[in-house]
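These notes concern the structure reproduced below.
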């Protein structure tokens, strides 16, 4: 992952231009905002508490704190959010803290840029793009989602923001991340699309039948998330590879989603402005 993500190159280049010889150690010597430190500390014990290195007072918790603190110094505009902790924790299962930090930087700034910014606009864009792509790969599934008015952010948020780290166990997750570091964010899209299509359209008949008997969105979302964990993983990978989805399809869906969200935002701002300048009818 350190090599696949180009973190090694970025690490060496940054340290070469650092007067102390280590940007990571330079960041650790600095202190981000107090509320950031407090938020990080709250989440240390919640990150894979059953893993031996992250148990109470384990070496992993200290390393996790260092990686998250260093990133908060590196990018104070983002600082820290809860979804970052499991990602950094998984990196620390494989890498020493300094290398894990630089891979974490690459994930945030090259792979899922904007995911942790205020307003989560990048995540919302990818969620909407996912829905547009569902319409392309599964008309039947798309119709059911629209019938129940399911907001795509409700089933994609956990998947995308923490890179499926709460959905799959380590061996499966590591295979997903191997592909992710090789191919980029499209791996997340392809996996999400296969899960939804299997649940709502072409998967095991009992699951598909149950999906179409749902009469409220939360039941359907729960079923989609559960199906992600129970479908045979090798089958998912095979169907990801065969999914009729091109890079052009993905780029078009993301562009359309971005345009739609910007239009919705402009409409909302226009309404707010209009409401502020309405004449006082009681004068």
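Numbering (this note's numbering), first residue to last: 468 to 750. Beta carbons are placed, not taken as given, at the ideal position from N, Cα and C, and that holds for glycine. Given the structure is predicted, the values throughout are model-derived calculations rather than measurements.
The three-state reading of DSSP puts residue 706 in helix, counting H, G and I together. If only complete runs of 4 or more residues are kept, the region 494-543 shows the alpha helix (DSSP H) at 501-511 and 526-541, in order along the chain.
When secondary structure is reduced to three states using DSSP, residue 652 falls in the coil class, being assigned neither helix nor strand. When secondary structure is reduced to three states using DSSP, residue 679 falls in the helix class. Residue 476 sits in a helix when the DSSP states are folded into three classes. Three or more Cβ pairs drawn from the region 642-661 and the region 574-586 lie within less than 8 Å of each other, which places the two stretches in contact. Between residue 597 and residue 623, the gap from beta carbon to beta carbon is short of 9 Å. In the structure shown, the three-state DSSP call for residue 575 is helix. Contact between the region 531-539 and the region 490-501 is established, with three or more Cβ pairs separated by less than 8 Å. Rounded to the nearest angstrom, the gap between the Cα atoms of residue 582 and residue 677 is 33 Å. Straight across, the Cα-Cα distance linking residue 662 with residue 693 is about 10 Å.
In this structure, DSSP gives residue 688 a helical state, which the three-state scheme calls helix. The beta-carbon distance between residue 506 and residue 547, rounded to whole angstroms, is 6 Å. This is short enough to meet the 8 Å contact definition. With respect to residue 571, residue 639 sits apart: the two C-beta atoms are not nearer than 9 Å.
By the Cβ rule, the region 715-730 counts as touching the region 586-604, because three or more pairs are nearer than 8 Å. Looking at 704, 675, 478 and 657, the one whose alpha-carbon comes closest to that of residue 690 is 675. Collapsing the DSSP output to three states places residue 550 in coil. Pairing residue 520 with residue 563, the inter-Cα distance amounts to about 12 Å. With a beta-carbon spacing of about 6 Å, residue 590 and residue 628 fall inside the 8 Å limit used to define contacts.
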